[in-house]
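Student: Got a structure for you, written out below as C-alpha cells; questions coming shortly.
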Amino acid sequence: MAHSGPVVCAVCGGSGPCDGKGKETLRAGVWVTNPVSVQVLGICSALAVTNKLENALVMGAALTFVCVGTNLFVSLLRNVTPRRIRMIAEVAIIATFVIIFDQVLRAYYLEMSKQLGPYVGLIITNCIIMGRAEAFALSNRPVVSMLDGLANGLGYAVVLGIIGFVRELMGTGALFGHQILGAEWYTPNQLMILAPGAFIALGFLIALHNAITGVNKPEGKGN
Amino acid sequence: MGEVSPLVILVAAVFTNNILLANFLGMCSFLAVSKRIDTAAGLGAAVIFVTTFTTAINYGIYHHVLVPMGLTFLSYIIFITVIAAFVQFVEMFVERFSPVLYHALGIFLPLITVNCAILGVSLFMIIRNYTFMQSIAFGFGGGVGWTLAIILIAGLRQKMRYSIVPVPFKGVAIAMVITGVMAMAFMGFAGMVTIQ
C-alpha cells in the first residue's frame, strides 16, 4: 500500500509545492494513521455500504473526491477564513462537493445512487473530511493538502474495498455479482451481508491492523 | 408510505430498524461515549430531543420551501445548516434558562451537530416519503433507538473493563464485535414490524 509513495514524491521533486511531504503524507493516510482502521473515523458508511464490493468502491471514490476537493478549498481559503466561523465554512465547502458528486451519480448511475441511499448525503457528517480539513488543510499549502485528502480518501477506499470483498464473497459467494464460489459446495453465510456481519468484519480488520503494526492500544484508552 | 400508522414507525425505528444497529448511523459518537452508562444516557437524551425537532423543521422546509421552488438538490446543505443552527439555539436557550440542565448536557450538545444519526433521520424521511406525523414518529423513535443501543452497549463495555481480551482486539476492535453481537440480538425483532 505504501509503495505508491515515491512516485508522487518524484512528481513534486521534494522541493515543489508538496513541500517534500508527499511520500510521508501518502503513507500516513493510507497505512500509518489510516482513517478507518486506526483512527476509527467515518465508520457509519464503512459499515453500511460494504455489503457489496461495487458499492464499497463507489463510496470510496465519493469520499476521495470530496476529501480532495474540500482540502484544496479549505487550504486556499485558510488565510481569509475568520477562525470563529471556520467550521461552518468547512461544512459549506464539504456539502458543496457532496452535492456535486450526488448529482453526477444520479445523472449517470441512478441504480447505484438508489442503492447507496442516504449514505452519499451523509458524507457531509463524515468525520474524516472535517478532521482532515481541521487537522491538515487549515495549516498547509493547497497541493500538499490535496495529497493528504487523496491519501486519506484512498486509505478509506482500501479498507472499504477489503470489507466489501470479504462480506460479498462470504455472504453471497459472488464478487461484483458474478458467482465465484461454486454454488454446489459453498453455502453463503447470509449473516455477512446483514448488519452484524459488518460490525464483526470491521472489528476483525481493526484487530488485524493492530496485530500487524504491533500497536496495542494502552489500557484506559480502550474499552 | 401514507397508510402506515406513526405508532408502527415509532416501534420499528426503535427495534427492527434501529438506526445504530441496522443503519449504522451515529457510530462515531457512539464509540466515543459508550464507555459509561451515565454519559451515554446524557448524550442519548440530547439526541432524542434534537432529532425530533430537526426532523419536524426539515420536513417543513423540504416540503413547503424546497419542493415548490424546485431546489431539492440543496436539501443536504439546508438540512445540515438547520441542524447546526438548531443545536446552537438550543445550547443558548438552555444556558440562559436552565443552567442545571446546561451543565448536565453541556459538552454533549455541540457534539450532536456532527452526529450522522441526526442528518440520517432527515435523509431517510425524504427517501421514504413520510408524512408529517410519520416523520416526527420516525425522528423520535430513531433517537430512542439510538439511545437504547448506546446504553446497552455502554453497560457491556463497562463490564468488559475487567475481562481479558486478546491484545490486538483491545479497545475499538472488541467494541465492534460486541456491537455486532448486539445487532444480531436485535435481528430477533425482525418480522415484528417492517418499514422501508
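Here the protein sequences line up with chains A and B, keeping their order. Counting from 1, one number per residue, gives the positions in the first sequence under our numbering. Counting from 1001, one number per residue, gives the positions in the second sequence under our numbering. Note that CB positions come from ideal geometry on N, CA and C, so glycine has one too.
#1: Could you tell me the distance, in whole angstroms, from the CA atom of B/D1038 to the CA atom of B/I1112?
#2: Counting only the same chain and skipping the five closest in sequence on each side, list residues whose C-beta sits under 6 Å from that of A/E54.
#3: Taking DSSP's pairing of strands, which residues face A/Q179 in a bridge?
#4: Using C-beta distances below 7 Å, list every residue in its chain close to B/N1115, excluding the 5 sequence neighbours before and after it, in chain order.
#5: To the nearest angstrom, how far is the alpha carbon of B/G1044 from that of B/L1148?
#6: Which of the residues in the region 116-146 of chain A, read from start to end, lie with their CB under 8 Å from any CB of chain B?
#7: Does B/F1073 get closer than 8 Å to chain A when you measure Cβ to Cβ?
#8: Along chain A, which residues have their Cβ under 8 Å away from the Cβ of B/I1080?
#9: Would you call the region 1150-1160 of chain B in contact with the region 1005-1016 of chain B, where contact means no fewer than 3 C-beta pairs closer than 8 Å?
#10: Is there a Cβ of chain B sitting closer than 8 Å to that of A/N223, yes or no?
#11: Which chain A residues are close to B/A1022, counting only those with a beta carbon under 8 Å from its beta carbon?
#12: Against B/A1173, what residues of chain A qualify as contacts under a CB-to-CB distance less than 7 Å, listed in chain order?
#13: Please state if the CB of B/I1118 and the CB of B/I1083 are separated by a distance shorter than 8 Å.
#14: In the DSSP assignment, find the unbroken alpha helix (DSSP H) run with A/Y108 in it and report its ends.
#15: The alpha helix (DSSP H) that contains B/I1078, what's its start and end?
#16: Taking only three categories from DSSP, how would you classify B/M1187?
#17: Which chain B residues are close to A/I99, counting only those with a beta carbon under 8 Å from its beta carbon?
#18: Measure from the alpha carbon of A/H178 to the alpha carbon of each residue in A/P118, A/E168, A/A195, A/L191, then state which is nearest.
#19: Please compile the residues from chain A whose C-beta is within a distance smaller than 8 Å of the C-beta of B/M1187.
#20: Per the contact definition of three or more C-beta pairs closer than 8 Å, is the region 1069-1083 of chain B in contact with the region 1174-1182 of chain B?
#21: Reducing DSSP to helix, strand and coil, say where A/V49 ends up.
#22: For a quick check, are the C-beta atoms of A/Y109 and A/S45 less than 8 Å apart?
#23: Following the continuous alpha helix (DSSP H) through A/H186, name the residue where it begins and the one where it ends.
#24: Quick check on this structure: which residue in A/A48, A/G173, A/F165 has the alpha carbon closest to the alpha carbon of A/P188?
#25: Straight-line CA distance for A/G203 to B/R1096?
#26: Taking only beta-carbon atoms, is B/G1180 less than 8 Å away from chain A?
#27: Over what stretch of residues does the alpha helix (DSSP H) that includes A/I129 continue unbroken?
#28: Kindly confirm or deny that the region 25-34 of chain A and the region 84-100 of chain A touch, where touching means at least three C-beta pairs closer than 8 Å.
#29: So what's A/S113 in DSSP terms, helix, strand or just coil?
#30: Kindly say whether A/C44, judged by its beta-carbon, lies nearer than 8 Å to any beta-carbon of chain B.
#31: Residues of chain B with a CB under 9 Å from the CB of A/I88: which are they?
#32: How long is the line joining the alpha carbons of B/F1169 and A/I206, rounded to whole angstroms?
#33: Under a CB-based cut-off of 8 Å, is A/K217 close to chain B?
#34: State yes or no: is the beta carbon of A/L41 nearer than 8 Å to at least one beta carbon in chain B?
#35: Might you give, ordered along the chain, the residues of its own chain that have their beta carbon closer than 7 Å to the beta carbon of A/C127, omitting 5 neighbours on each side?
Tutor: Well, looking at it:
#1: Residue numbering aside, residue 1038 of chain B sits at position 38 when the second sequence is read from its first letter. Residue numbering aside, residue 1112 of chain B sits at position 112 when the second sequence is read from its first letter. When rounded, the distance between both Cα atoms is 17 Å.
#2: As a working mapping, residue 54 of chain A is identified with position 54 in the first sequence. For A/E54, where only same-chain residues beyond five positions count, the Cβ hits under 6 Å are F176.
#3: By one-based count along the first sequence, residue 179 of chain A stands at place 179. BP columns for A/Q179 point to A/A174.
#4: One-based indexing of the second sequence puts residue 1115 of chain B at position 115. Within the same chain, B/N1115 has close Cβ partners G1026, S1029, V1047.
#5: If you number the second sequence from 1, residue 1044 of chain B lands on position 44. If you number the second sequence from 1, residue 1148 of chain B lands on position 148. Going from the Cα of B/G1044 to the Cα of B/L1148 covers about 8 Å.
#6: G117, P118, G121, L122, I124, T125, N126, C127, M130
#7: To locate residue 1073 of chain B, count along the second sequence from 1; it is residue 73. Output row for B/F1073: interface = yes.
#8: As a first step, residue 1080 of chain B must be located in the second sequence, where it is residue number 80. V91, A95, I124, T125, listed in chain order.
#9: no
#10: Here residue 223 of chain A is taken as the residue at index 223 of the first sequence, counted from 1. For A/N223, the predicted model reports a pLDDT of 38, less than 50, meaning its position is unreliable; a value from the coordinates is still stated below. Chain B contact via Cβ: present.
#11: Against the second sequence, residue 1022 of chain B aligns to sequence position 22. The answer, in chain order, is A195.
#12: Locating residue 1173 of chain B in the second sequence gives position 173, counting from the first residue. Those are G203, I206, A207, N210, listed as they occur along chain A.
#13: The count along the second sequence starts at 1 and reaches residue 1083 of chain B at position 83. The count along the second sequence starts at 1 and reaches residue 1118 of chain B at position 118. A contact, by the Cβ cut-off of 8 Å.
#14: As a position in the first sequence, residue 108 of chain A is number 108, starting the count at 1. Where A/Y108 is concerned, the enclosing alpha helix (DSSP H) stretches over 86-108.
#15: Here residue 1078 of chain B corresponds to residue number 78 of the second sequence, with the count starting at 1. Per DSSP, B/I1078 belongs to the alpha helix (DSSP H) from 1075-1097.
#16: Taking the second sequence and counting its residues from 1, the one referred to as residue 1187 of chain B is at position 187. Correct three-state label for B/M1187: helix.
#17: Counted from its first residue, the first sequence places residue 99 of chain A at position 99. Within 8 Å Cβ-Cβ: F1073, L1074, Y1076, I1077.
#18: Here residue 178 of chain A refers to the residue found at position 178 of the first sequence. With distances taken between Cα atoms, A/H178 lies closest to A/E168.
#19: Indexing the second sequence from 1 puts residue 1187 of chain B at position 187. Here the neighbours are L194, A195, P196.
#20: no
#21: Walking along the first sequence from the start, residue 49 of chain A turns up at place 49. Note: A/V49 maps to coil in three-state DSSP.
#22: Locating residue 109 of chain A in the first sequence gives position 109, counting from the first residue. Locating residue 45 of chain A in the first sequence gives position 45, counting from the first residue. No, they are not a contact pair.
#23: The residue you call residue 186 of chain A lines up with position 186 of the first sequence. It is Tyr, not His, that sits at residue 186 of chain A in the sequence shown. Counting along the chain, A/Y186 falls outside any alpha helix (DSSP H), and DSSP gives it neither H nor E.
#24: Sequence index remark: in the first sequence, residue 188 of chain A carries index 188 (1-based). Nearest of A/A48, A/G173, A/F165 to A/P188, Cα basis: A/G173.
#25: As a working mapping, residue 203 of chain A is identified with position 203 in the first sequence. As a working mapping, residue 1096 of chain B is identified with position 96 in the second sequence. About 43 Å.
#26: Counting from one through the second sequence, the residue named residue 1180 of chain B turns up at place 180. So yes, B/G1180 belongs to the interface.
#27: As a first step, residue 129 of chain A must be located in the first sequence, where it is residue number 129. Start and end: 127-135.
#28: no
#29: In the first sequence, counting from the first residue as 1, residue 113 of chain A sits at position 113. The answer is helix: DSSP assigns A/S113 an H, G or I state.
#30: By one-based count along the first sequence, residue 44 of chain A stands at place 44. Closer than 8 Å: yes.
#31: Within the first sequence, the letter at position 88 stands for residue 88 of chain A. Neighbours of A/I88 on chain B, chain order: T1081, A1084.
#32: Taking the second sequence and counting its residues from 1, the one referred to as residue 1169 of chain B is at position 169. Taking the first sequence and counting its residues from 1, the one referred to as residue 206 of chain A is at position 206. C-alpha separation (whole angstroms): 8 Å.
#33: On the first sequence, position 217 is the one that residue 217 of chain A refers to. A caution first: A/K217 carries a pLDDT of 49, below 50, which makes its placement in the model unreliable, though a value can still be read off. A/K217 counts as touching chain B.
#34: The count along the first sequence starts at 1 and reaches residue 41 of chain A at position 41. With 8 Å as the cut-off, A/L41 counts as an interface residue toward chain B.
#35: Counting from 1 along the first sequence, the entry for residue 127 of chain A is found at position 127. The residues are L41, G42.
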